[in-house]
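Report on the structure given below.
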């Protein structure tokens, strides 16, 4: 297996273009074109968003629902803030709720050594050592239906800071491989796209860079759950 030289590892991958990771919601095109102030449509995450905001959970959009969703979107900087319960709004809610204690439901096994936790259900990643969270949680993008991120226990077996995929001819900055060709790595597009990755755990450049400084070869990775929509 190729071992990167010290000189190669001294070169930091480029940052993403400004705005790459902006929180842009997926909304009906006609509502964007007509510039509606408050969407009358139920979004794909309507029930989940209603539940999170402690609204009546009926899966139907109401004026009160829209106002509450829009207020959250404005607070978080999600655009367009028209109260549509889409995937970006849902993802942001998962992150906000998890910040205090991402492993509250104890889905990620607690060990004395570092464990990188990959929660497919909530599309979140963090690292814990014992009960202490030493990285994250952060939002991520896991594998799509036909290329799922494989569940269970894995081990970081190879790290390549400036990796380029030979299969897809795509940059994989801060790549940390844990199961075959599946790795943690940065991407230069939104991690909130409705279509998942080709199996890897995609992160923003900043998050992937920080994770690079936390994990080491031999660290364990635990993956569980199911990516929404797959």
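In this note's numbering, the protein residues as written are 1287 to 1516.
Virtual Cβ for every residue (Gly too), placed ideally from N, Cα, C.
Nothing here was measured: the structure is a model prediction, and the numbers come from that model.
Note down, in chain order, each residue of its chain lying with its Cβ closer than 7 angstroms to the Cβ of residue 1367, except the 5 sequence neighbours on either side. Here the set comprises 1356, 1359, 1360.
How is residue 1379 classed by DSSP in three states: helix, strand or coil? helix
Between residue 1369 and residue 1325, is the Cβ-Cβ spacing less than 8 angstroms? yes
Is there contact here, the stretch 1440–1454 with the stretch 1382–1393, by at least three beta-carbon pairs under 8 angstroms? no
Out of 1465, 1461, 1397, which one is the CA nearest neighbour of residue 1491? 1461
Going by C-alpha to C-alpha distance, which of 1340, 1482, 1349, 1488 sits closest to residue 1469? 1488
Give me, in chain order, the residues of the same chain whose beta-carbon lies closer than 6 angstroms to that of residue 1419; leave out the 5 immediate sequence neighbours on both sides. Residues 1412 of the same chain have their beta carbon placed closer than 6 angstroms to that of residue 1419, with the five preceding and five following residues left out of the count.
Inter-stretch contact (C-beta, 8 angstroms, three-pair minimum) for the stretch 1334–1345 and the stretch 1316–1325: In short, these stretches do not touch, since the Cβ pair count stays below three.
When DSSP labels each residue in this structure, what does residue 1511 get in the three-state scheme? coil
Could you give the DSSP three-state label for residue 1413: helix, strand or coil? Correct three-state label for residue 1413: strand.
Name the residue from 1466, 1494, 1351 whose alpha carbon lies nearest to the alpha carbon of residue 1437. 1466
Grouping DSSP H, G and I as helix and E and B as strand, with all else coil, what is residue 1321? coil
Sub-8 angstroms separation of residue 1404 and residue 1435 beta-carbons: yes
Answer yes or no: do residue 1429 and residue 1511 have a C-beta to C-beta separation smaller than 8 angstroms? no
Under the three-state reduction of DSSP, which class applies to residue 1491: helix, strand or coil? helix
Of the residues 1375, 1347, 1498, which one's Cα is nearest the Cα of residue 1479? 1375
List the whole-angstrom C-beta distance separating residue 1401 from residue 1506, where the pair is believed to meet the contact cut-off of C-beta under 8 angstroms. 5 angstroms
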